[in-house]
Each structure stands twice: as C-alpha cells, then as structure tokens.
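Respectively, the protein sequence lines represent chains A and B.
According to the working numbering, the first sequence is numbered sequentially starting from 7.
According to the working numbering, the second sequence is numbered sequentially starting from 164.
Have a look at the structure below before the remarks.
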Amino acid sequence: MKAILLALVFATLLLAAVSIVFNGSLTEKRGGFLLRASAFLLPFLILAHLFTRADLGVLPASLVTPVSPIDLAFSVFLFVVASLGGVAQLYNLADRGFSLRILIDILEAPDQTLTAAEVMVVYSAGRGIAWMYEKRVTGMLSAGLIELAGDEVVLTAKGYSVAEVFANLQDFARVLPLKATLR
Amino acid sequence: MIVGLLVGLFWFAVFFIGHVAVIRMARPEAKPKLNQRLFVGGAIGLAVTFTIFSRMADADGLGRGGWWMGVSWGELTYVGLFCLYMPFYYVVVASLSVRTVVMLASLPRHRLPLQALRAEFASYALVDQRLRTMAANGFLIKDGERYSLSVKGRFVSLVFAWLKRFWKLGAGG
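Okay, here's the thing in structure tokens:
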C-alpha cells in the first residue's frame, strides 16, 4: 500500500507542477519540461520510500508488503506510468492529437457537424490540414530526421535508421502503406 | 500484493499475445475495437482468476493484503503496462511523421518534393479515412457526408477541450 500511496503523492505533485508551469509563461518545449520534472521528482520518491516506515505510521500490518525492494520497485513503476503513460500522454494527445483535434473542431462547429472537406479547412480552429502537416515537417526537421534540399525533402542518415526500425515494426504489425489504406 | 503483481504480469502477457494475433490477423478497421475488448477481457480475467493464483502462493505470505489489495496491485500492473505500451503501438501504426520517414526510406533516392508529401499526407483521402475510422470506433455518427459526435465522442472532446484551456495549449493538433 505504501508503494501506491507514495506514487500517488508524487504523481499529484507532478500534475500540479505541470499545471502551474503550463498556466504560466511556458509556451514552448512543454514536453521537455514534463520529462525534466518527472526525472527531478523520481529520486525524491525513492528517498521518501527508503526513509519512511514500511507502514507509514498508519497502515495495518496486513497492508505492508513483506519484501521492501519490491514495494520500492512497484512505487517507481507506478510513478513512471503516471508520468510517461499518464500526464505525458494527456499532454501529447491534447497538444498534438490529430483525431482528437477533429473531434473538438466538430464540437466547436456552429451546427456541430462537419464533412471531410470542411475538416480540411477548419482543422485546428481554422488553420487547416496543410498547417497540421507543416507542423509535422517542422518537427521532423528539428529532430534531424529530414532536411530540405531546394523544394525536396531528403531523409537524413538518422531518419533512415529510424525509418528502418519502424518499417520492420510496421511489417510485423501488418500496417498497410498509406495509399493502400486510403483506397 | 506480490501475487497481485505476478498475476498482473501474467494477464498482460495474455493480453499481449492476443494483441499480436489481432494486429497480424484482423482487418485494419476492426483492430482498435478488438484491442479494446482484449484489454477489458484481461482486466476482468485478472479479477476473476486472482483467487486461484493467490491460493497457490498464500503459504509463502506473498498474498498478504487479501483479495482487494492483491487485485489492486494486479490491475495497477496490468493497466500500467498497457498505458506504457499502447502509445508506442499507436506511434508505429498511426504517426504521420513515422509514415513519412518510412515512405521516404522506401524510395530509391530517399527524397521527394515537399508538394508530393503534402499531397499524400495532408490530403482529403487522409481526413476521410480518419473520419471513417472514428465513426467505426463509435466516436462519430455518419449521416450522409456529414459527421457529428456520438455520446462517447462528445465526452472525449469536452474533456480534452477543457484540458487544452486549463493548460493553455492553444488549438494544437
């Protein structure tokens, strides 16, 4: 039980810190802040686990894990889940989710219905689908996966390595090429 | 508690084997719903079978905390592994950036005019396909050419619209 309670406390601290900073001045590199905040809190979670009593002074004996290292490992696991699988995923979906943005655009449409052609234009509060893809291209450029040569997009060596890994995973998952899925 | 952890690991392994079967054998549009059912089935299976597993290990004190504590540990392990794994899965199958680099890598000179990429990835066909997928998975209702939100779609969009405002993320997407 100690593992769950400590992970809950530190996940709440992370969520509070992220909410305060996102509501403040930070408008760029929010994802980086989120990861740094998680990495900053993790050692404090470990220390809190090591230097508090197994029963936290309040838990009945039946709720104390008999093997303390397992309790510590479980607490770390839960915090990692809460940060990477929880808060970071909420942020990624809210900030970059393609399908989610379409849902919100339909919600905000005057009669709350849209056609595919209208989504092309009104996507992301009127920026349009072309803007969405430009944002992905900018992201790939800053990650060093692609570079521009005149009007052509060229895959970098790093991009090729990444593409090889994902192409194998897509083969395994039987992901159809985009053109095939669009037909 | 520790039995719960082991049972959680076991049921995630069961889910993962089923998930691999789904991604390799099911029709693309059926995969999200099947994965969702597999996940829920695993969570129920864990709670139902926990007692059997805990009887096997109780003599060693590994089942301390009783049924509800063991199941809590098990479900947290199971859901936690799912939360860590599924975003990675969706990057592999749905990310436009990943699809772009994979497509470029498949070309002889690993290059393509930006205009051609836009035509491929910022296209009507892409949007149309995504809308159909969301309708097939119960987020949208299709009426002729128009799409409206289902109850599930409305709930999800309201929650995330609020989160966007709360975190001041802007329109995003």
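Using N, Cα and C, we set each Cβ at its ideal position, and we do this for glycine too.
Spatial neighbours of residue i in its chain, beta-carbon cut-off 8 angstroms, leaving aside the 5 residues before and after
i         : result
Thr119(A) : Ile112
Leu303(B) : Leu294, Met297, Tyr310, Ser311, Leu312, Ser313 and Gly316
Buried or exposed (CB count within 10 angstroms, at least 16 for buried), residue i
i         : result
Arg190(B) : exposed
Glu283(B) : buried
Gly156(A) : exposed
Ile215(B) : exposed
Ser68(A)  : exposed
Pro195(B) : buried
Val35(A)  : First, the amino acid is wrong: residue 35(A) is Lys here, not Val. Classification of Lys35(A): exposed, given that the 10 Å Cβ count is below 16.
Ile26(A)  : exposed
Tyr129(A) : buried
Ser269(B) : exposed
Phe318(B) : exposed
Met188(B) : exposed
Ala169(A) : buried
Ala206(B) : buried
Met219(B) : exposed
Ile180(B) : exposed
Chain B within 9 angstroms of residue i, Cβ atoms only
i         : result
Leu188(A) : Residue placement at Leu188(A) is poorly supported in this model, since its pLDDT is 44, which falls under 50; the coordinates are not used for a value here.
Leu69(A)  : yes
Ile112(A) : yes
Pro72(A)  : yes
Thr18(A)  : no
CB contact check: residue i to chain A, cutoff 9 angstroms
i         : result
Val203(B) : no
Met219(B) : no
Trp330(B) : yes
Ala334(B) : yes
Ala209(B) : Contrary to the premise, residue 209(B) reads as Leu rather than Ala in this sequence. Not one chain A Cβ lies under 9 angstroms of Leu209(B).
Leu263(B) : First, the residue type needs correcting, since residue 263(B) is Thr and not Leu in the sequence shown. Yes, Thr263(B) lies at the interface with chain A (some Cβ there is under 9 angstroms from its Cβ).
Trp230(B) : no
Ile165(B) : yes
Val177(B) : no
Arg187(B) : yes
Cutoff 7 angstroms; reference residue i; Cβ partners in own chain excluding five residues on either side
i         : result
Phe85(A)  : Ala13, Phe16, Ala17, Leu48 and Leu51
His182(B) : Asn198 and Leu201
Ser105(A) : none
Cβ-based neighbour list, residue i, same chain, cut-off 6 angstroms, excluding 5 preceding and 5 following
i         : result
Glu153(A) : Val160 and Thr162
Trp236(B) : Met164, Gly167 and Leu168
Checklist entry - Does the pairing of the segment 78-85 of chain A with the segment 271-281 of chain B give three or more beta-carbon distances under 8 angstroms? => result no
Next on the checklist: Whether or not the segment 56-73 of chain A and the segment 20-40 of chain A are in contact is what I'm after, with contact meaning three or more pairs of Cβ atoms, one per stretch, closer than 8 angstroms; do they touch?
Outcome noted: no
Next on the checklist: Pairs of beta-carbons, one from the segment 239-247 of chain B and one from the segment 169-184 of chain B, closer than 8 angstroms: are there three or more?
Outcome noted: yes
Checklist entry - Relative to chain A, which residues along the segment 299-317 of chain B have a C-beta separation below 8 angstroms, given in chain order? => result Phe302, Leu303, Asp306, Glu308, Arg309, Tyr310, Ser311, Leu312, Gly316 and Arg317
Item to check | At least three beta-carbon pairs within less than 8 angstroms, the segment 139-147 of chain A to the segment 171-181 of chain A | outcome: no
Item to check | Stretch-stretch touch, CB-based, cutoff 8 angstroms, three pairs: the segment 253-260 of chain B with the segment 86-95 of chain A | outcome: no
Checklist entry - Closer than 9 angstroms, Cβ to any Cβ of chain A: which residues of the segment 271-290 of chain B, in chain order? => result Arg272, His273, Arg274, Leu275, Pro276, Leu277, Gln278, Ala279, Leu280, Arg281, Glu283, Phe284, Ala285, Ser286, Tyr287, Ala288, Leu289 and Val290
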